[in-house]
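Student: Numbering that gives the first Met the number 0 puts the sequence shown at residues 0 to 181.
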Amino acid sequence: MNVNVAITGRRAVREYAAQAVEEKSLRALIDAAVHAPSAANEQPWTFTVVRDQGVLDRISRKAKSHMLATPQPEHFRAHLIDPDFHIFYHAPALILISASAQGPWIVEDCALAAENLMLAAYAVGLGSCWIGFAQSFLNTPDGKNELDLPAAWVPVAPIIVGYPKAAPYPVSRNEPEIRWVG
Numbered sequence: 000m001n002v003n004v005a006i007t008g009r010r011a012v013r014e015y016a017a018q019a020v021e022e023k024s025l026r027a028l029i030d031a032a033v034h035a036p037s038a039a040n041e042q043p044w045t046f047t048v049v050r051d052q053g054v055l056d057r058i059s060r061k062a063k064s065h066m067l068a069t070p071q072p073e074h075f076r077a078h079l080i081d082p083d084f085h086i087f088y089h090a091p092a093l094i095l096i097s098a099s100a101q102g103p104w105i106v107e108d109c110a111l112a113a114e115n116l117m118l119a120a121y122a123v124g125l126g127s128c129w130i131g132f133a134q135s136f137l138n139t140p141d142g143k144n145e146l147d148l149p150a151a152w153v154p155v156a157p158i159i160v161g162y163p164k165a166a167p168y169p170v171s172r173n174e175p176e177i178r179w180v181g
């Protein structure tokens, strides 16, 4: 697939088929992720793959409670108080990209790896979505404990992956504001 087709076609997928994603496919996505650039070639990323729906259900409940403990915009709050809302949208897999230690550019490095992973997923017919609702909780001691993450790891990008139930609708894009200097 042409990279421009992947960039313009990839969308956040929030409805998944129950079909499991094969380990070989998940490893291929991680391989794409590790080919991302990183500051000073540090490659700080680590990957935690979760396919156990019981674990994802438990993290969903705890992450919702964690977020509700702080003020949230009303449209977020409406989702978070809904007992049927699952932050991982019942996707068959979660790939959590974390940094192995603190550093000045770990968020940027892990985000670049996440974009590579999501573009690679789209290229092979898989859907993906970065789950912001999980980030804060997974950075707590309780969240790290849920996934048996080392205390020094910094969770950055919780990406769900699976086979989409349907192709997401295209979304319009705003015209970029460009300021030319020189």
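No residue lacks a Cβ here, since even glycine has one placed at the ideal position from N, Cα and C.
Consult DSSP for Ser64 and reduce its assignment to one of helix, strand or coil.
Tutor: Taking the sequence shown and counting its residues from 1, the one referred to as residue 64 is at position 65. In the structure shown, Ser64 sits in a helix (DSSP, three-state: H, G or I).
Student: Look up Leu93 in the DSSP assignment and give the residues it is bridged to.
Tutor: By one-based count along the sequence shown, residue 93 stands at place 94. DSSP output for Leu93 lists Val49, Ile159 as bridge partner(s).
Student: What is the rounded straight-line gap between the Cα of Met0 and the Cα of Gln42?
Tutor: Reading the sequence shown from its first residue, position 1 is the one you call residue 0. Reading the sequence shown from its first residue, position 43 is the one you call residue 42. Taking the straight line joining both Cα atoms gives about 26 Å.
Student: DSSP three-state call for Ser127: helix, strand or coil?
Tutor: The residue you call residue 127 lines up with position 128 of the sequence shown. It is a strand residue.
Student: Tyr88 by DSSP, collapsed to three states: which one?
Tutor: Indexing the sequence shown from 1 puts residue 88 at position 89. Coil.
Student: Can you tell me the Cα-Cα spacing of Val153 and Asn144, whole angstroms?
Tutor: The sequence position of residue 153 within the sequence shown is 154, counting from 1. The sequence position of residue 144 within the sequence shown is 145, counting from 1. Distance between the alpha carbons of Val153 and Asn144 is about 13 Å.
Student: Alpha carbon to alpha carbon, how far is Gly8 from Glu174? Give it in angstroms, no decimals.
Tutor: Residue 174 sits at position 175 when you count from the first residue of the sequence shown. Residue 8 sits at position 9 when you count from the first residue of the sequence shown. Taking the straight line joining both Cα atoms gives about 17 Å.
Student: Straight-line CA distance for Asn115 to Cys109?
Tutor: One-based indexing of the sequence shown puts residue 115 at position 116. One-based indexing of the sequence shown puts residue 109 at position 110. Approximately 10 Å, taken between the alpha carbons.
Student: Name the residue from Thr69, Lys61, Val160 whose alpha carbon lies nearest to the alpha carbon of Arg10.
Tutor: Working through the sequence shown from its first residue, we reach residue 10 at position 11. Cα-wise, what sits closest to Arg10 is Val160.
Student: Any idea what DSSP makes of Val180, helix, strand or coil?
Tutor: Here residue 180 refers to the residue found at position 181 of the sequence shown. Here Val180 sits in coil by DSSP.
Student: Any heavy atom of the ligand FMN closer than 7 Å to the beta-carbon of Arg10?
Tutor: With respect to small molecules bound, the structure shown includes none, and the ligand FMN cannot be examined in it.
Student: Using a threshold of 8 Å, state whether the C-beta atoms of Pro167 and Trp129 are closer than that.
Tutor: One-based indexing of the sequence shown puts residue 167 at position 168. One-based indexing of the sequence shown puts residue 129 at position 130. Not in contact: Pro167 and Trp129 (Cβ atoms no closer than 8 Å).
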